[in-house]
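First up is the structure itself, then whatever we jot down about it.
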Amino acid sequence: GAGVSQTPSNKVTEKGKYVELRCDPISGHTALYWYRQSLGQGPEFLIYFQGTGAADDSGLPNDRFFAVRPEGSVSTLKIQRTERGDSAVYLCASSVDRGGGNEQFFGPGTRLTVL
Amino acid sequence: AQSVSQHNHHVILSEAASLELGCNYSYGGTVNLFWYVQYPGQHLQLLLKYFSGDPLVKGIKGFEAEFIKSKFSFNLRKPSVQWSDTAEYFCAVSWRSGGGADGLTFGKGTHLIIQP
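Going down the list, the protein sequences come from chains A and B. Those letters in the first sequence? Residues 1 to 115, by the working numbering. Those letters in the second sequence? Residues 116 to 231, by the working numbering.
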């Protein structure tokens, strides 16, 4: 497809469960970002990949959160032992290369609800 | 911590009114500045960006923004709004550094409603 895609679009889980959220960036984009958006807030940076490696994971809130990008394309955000406070929309973005002036193209997000 | 402030969380205007949405960021060196828009039911898309050069930047759909370095501001403007401009608007900043960490810091957003 032409844009960033994310699956699933909605995920409902129970407290304590494990979830995986997937992001397919735009083909050829080397930089990939994860953000989290809570109700009434702007997106909050979580982690940034350049290629396969996490170049900046300073936004991950704690060690329950982990993300991978093993082949430098698709990325998976993994959340262990989910808590109700993890409920949010998780956004993925990609850009053609690193460099803060490059436009980040956002996907539609995954709405995570932890009951 | 670096931060971005948007002054108005909710703005209601009539069609053809002029628009200005405020955005300020905390000091922290050289910056890249962005305005993103989210129309109802759609995902975030870029309106305009400032990287360097002319501080008055023109974007899509008649929007423009002015970078004023001395005020740490990047306000968004449009001379005459349309009903279709109803959306959530986000100001975002990335701080350039030697490591090149490029994650964006967003403001809380401004919900703009245009009344016909």
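A virtual CB, placed ideally from N, CA and C, is assigned to each residue, including glycine.
Below-8 Å beta-carbon distance, residue i vs any chain B residue
i, result
"A:Gln104", "yes"
"A:Gly109", "yes"
"A:Gly72", "no"
Helix, strand or coil at residue i [DSSP, three-state]
i, result
"B:Lys223", "coil"
"A:Ile79", "strand"
"A:Gly40", "coil"
"A:Asp57", "coil"
"A:Asp24", "strand"
"A:Arg84", "helix"
"A:Lys117", "With chain A covering only 1 through 115, there is no way to say anything about residue 117 of chain A."
"A:Ala31", "strand"
"A:Glu71", "coil"
7 Å Cβ cut-off: residues of chain B touching residue i
i, result
"A:Phe45", "Gly218, Leu219, Thr220"
"A:Gly59", "Gly218"
Closest residue to residue i among the options (Cα-Cα distance)
i, options, result
"A:Leu91", "A:Gly51, A:Gly42, A:Gln80, A:Gly28", "A:Gly42"
"B:Gly222", "B:Ile229, B:Trp198, B:Ser188", "B:Ser188"
"A:Asn62", "A:Arg69, A:Lys78, A:Gly72", "A:Lys78"
"A:Asp24", "A:Asp56, A:Ser75, A:Ser38", "A:Ser75"
"B:Glu203", "A:Ala2, A:Leu39, A:Leu32, A:Lys11", "A:Leu39"
Cutoff 8 Å: residue i Cβ touching any chain A Cβ
i, result
"B:Phe178", "no"
"B:Gly213", "With a pLDDT of 48 at B:Gly213, under the threshold of 50, the modelled position of that residue is not reliable, and the figure given next carries that caveat. Not closer than 8 Å to any Cβ of chain A, the Cβ of B:Gly213 fails to qualify, so no."
"B:His158", "yes"
Partner residues on chain B for residue i, Cβ-Cβ distance less than 9 Å
i, result
"A:Ala31", "Asp217"
Where residue i meets chain A, residues with beta-carbon distance less than 7 Å
i, result
"B:Phe205", "Gly42"
"B:Gly224", "Gly42"
"B:Leu136", "Near B:Leu136 there are no residues of chain A at all, since even the closest Cβ is about 13 Å away, more than 7 Å."
"B:Leu161", "Glu103"
* To do: Quick one: which unbroken alpha helix (DSSP H) runs of 4-plus residues sit fully inside the stretch 139-209 of chain B? Chain order, please.
  => The stretch 139-209 of chain B contains no whole alpha helix (DSSP H) run of 4 or more residues.
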